[in-house]
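Taking it in order: structure first as structure tokens, then the write-up.
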Amino acid sequence: MRALSPQARLLSAEVRVHVIDPSAYTPPYDHALCGALAAAGAHVELYTSRFAHGSVAAAEGYERHEFFYRGAARLRRPAARRAVKLAEHVPDMLRYRRRARDADIVHFQWLAVQHLDGHLLPRGRPLVITSHDILPREARPGQRAAQRRLYRRFDAVVVHSEHGRARLVDELGVEEARVHVIPHGAFAHLAAQARPPHADAAAGAEGDGAPGSAPGAVRVPVVLCFGLMRPYKGIDVLLRAWRGIEGAELWVVGMPRMDLAALRAQAPPGVRFVPRFISEAELPGYFRAAALVVLPYREIDQSGVLATALAFGRPLLLSDAGGFPEMERTGAARIVPAGDAEALHAALAQLLGDPAALARMGAAASAAAAGELSWGAVARRTLDLYETLLAQRGAR
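The numbering of the sequence shown is this note's numbering, which starts it at 1 and goes up by one.
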């Protein structure tokens, strides 16, 4: 009996999709995408590694394989883990290349060793990569050039904004027809978690340098700046903007990837630092406590923190970096110039003094999360892309 071609199999049964995140950089994104693709009718397998910082959401409707870096996952010391991970990278990528024969589409989320990965990709299958970072930030020597070369190995590159598309085409010379804008979905699965007893109080009580009030006990509006703390996030600009803001608290929450001494020294009253990894179980306590989420980034394409805020129906105050201005049309976001502490201060003061505006923006955030930025909508657009690639492959 003649085997069905990939495009015929797509039309007659479920497409077989492998989603690949070797280093488990974005477990919430991986989980949401895989679950949505499966709910839309695809057979989905996620190939990743053990997440070093804690538990992840259980796979629902798809299969999850901790396939990469199994030796490194058993080590506790970060330096040893990194060394073993690097040694395992090439063998694991080659081992996955054999496994990829079972897929119709292979969709990479991240590739960590750009100098090598272009030579290690699967063959004979359409390849897609999501460009979460258009180019590496804080890049090592040669890493940007290697990523440019890597993009050329893929049949399609997914970006989350028109800004990202323009950068790939204009700055990197990626063929326009291979670049596809598919928005970042709102993380509804995080907002749907049941509220465990005392979760909100526990989340805030451990805050390093906190004024002492847990979220459930706070009597003033909370402004939340959430996520990995890195120089490009503009936290220094936010702290300057916070001077003179009264009757509210600013929470800067997340794992530091920079020295915080200078930030702590310049922090005005009413600032709470929580400098550690926040698990998915703890995360809802912070977003439910927030009256406003602020992301004053200097550069970005799109953001998982933004997607989380939308899922919780939280209004957003964003810089005009990258794809952030594209969120303004949803009605959920106010935009200020990146790096402009005075403009950020004015926007903070205006929004904190206008509860009705915050309520309107929050309602717009919830509407966007349930509509065009839902994972159902993302899955439909992603499956359309897969079908196009499979049809093109069959026509060759």
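C-beta atoms are modelled at their ideal positions from N, C-alpha and C, and glycine is treated no differently.
query	result
Three-state secondary structure (DSSP) at D129?	In the sequence as displayed, the identity of residue 129 is Ile instead of Asp. DSSP places I129 in strand when its eight states are reduced to three.
Tell me the rounded alpha-carbon separation between Q7 and R381.	Any reading at Q7 is ruled out, since the residue's pLDDT is 45, under 50, leaving its predicted position unreliable.
Less than 8 Å between the CB atoms is what I'm expecting for A347 and R329, so what's the real figure, rounded?	Not quite, the Cβ-Cβ distance comes to about 18 Å (not below 8 Å), so this is no contact.
Using the Cβ count rule (16 or more neighbours within 10 Å means buried), how would you classify P22?	buried
Let me know if F277 comes out buried or exposed under the rule of 16 or more other beta-carbons within 10 Å of its beta-carbon.	exposed
Tell me the DSSP bridge mates of D21?	T48
Between the Cα of A221 and the Cα atoms of R243, L250, K233 and A241, which residue gives the shortest distance?	Inspection of the sequence shows that residue 221 is occupied by Pro rather than by Ala. Measuring from the Cα of P221, the nearest candidate turns out to be L250.
Here's the rule I'm using: 16 or more other beta-carbon atoms within 10 Å means buried, otherwise exposed. How should L228 be labelled?	exposed
On the criterion of 16 or more Cβ atoms from any shown chain inside 10 Å, does A203 qualify as buried, or is it exposed?	Here A203 scores only 45 on pLDDT, less than 50, and its place in the model is too uncertain to base an answer on.
Can you tell me where the beta strand (DSSP E) holding F108 begins and where it ends?	I105 to F108
Does the beta-carbon of H198 have 16 or more other beta-carbons within 10 angstroms, so that it is buried, or is it exposed?	Confidence at H198 is low in this model, with a pLDDT of 48, below 50, so the placement of that residue should be treated as unreliable; the coordinate-derived value is given next. Flag for H198 reads exposed.
DSSP state of M258, grouped into three classes?	coil
Helix, strand or coil for E63, going by three-state DSSP, please let me know.	strand
Does the beta-carbon of P284 have 16 or more other beta-carbons within 10 angstroms, so that it is buried, or is it exposed?	buried
Which two residues bound the contiguous beta strand (DSSP E) that contains F287?	Careful: F287 lies outside any beta strand (DSSP E), inside the alpha helix (DSSP H) at L283 to A289.
Along the alpha helix (DSSP H) that carries H31, what are the first and last residues, could you check?	P27 to A39
Closest to A57 by CA distance: which of A369, D301 and S279 is it?	S279
Evaluate L94 with the Cβ neighbour count: other Cβ atoms within 10 Å of its Cβ, from every protein chain shown; 16 or more gives buried, anything less gives exposed.	exposed
Helix or strand or just coil, what does DSSP make of I235?	helix
My understanding is that S49 touches A79, with C-beta atoms under 8 Å, so please give their C-beta distance in whole angstroms.	Incorrect: roughly 17 Å between the Cβ atoms, too far for contact.
Use the C-beta contact count for L383: other C-beta atoms within 10 angstroms, 16 or more gives buried, fewer gives exposed.	buried
Leaving out five residues on either side along the sequence, give the residues of the same chain with a beta carbon under 6 Å from the beta carbon of R167.	I134
Are the region 362-378 and the region 167-187 touching, with three or more C-beta to C-beta distances below 8 Å?	yes
Exposed or buried, what is Y47 when buried is set at 16 or more other beta-carbons lying within 10 Å of its beta-carbon?	buried
Tell me, please, whether the CB atom of E282 is closer than 7 Å to any CB atom in chain D?	The displayed structure is made up of one protein chain only, and chain D is not part of it.
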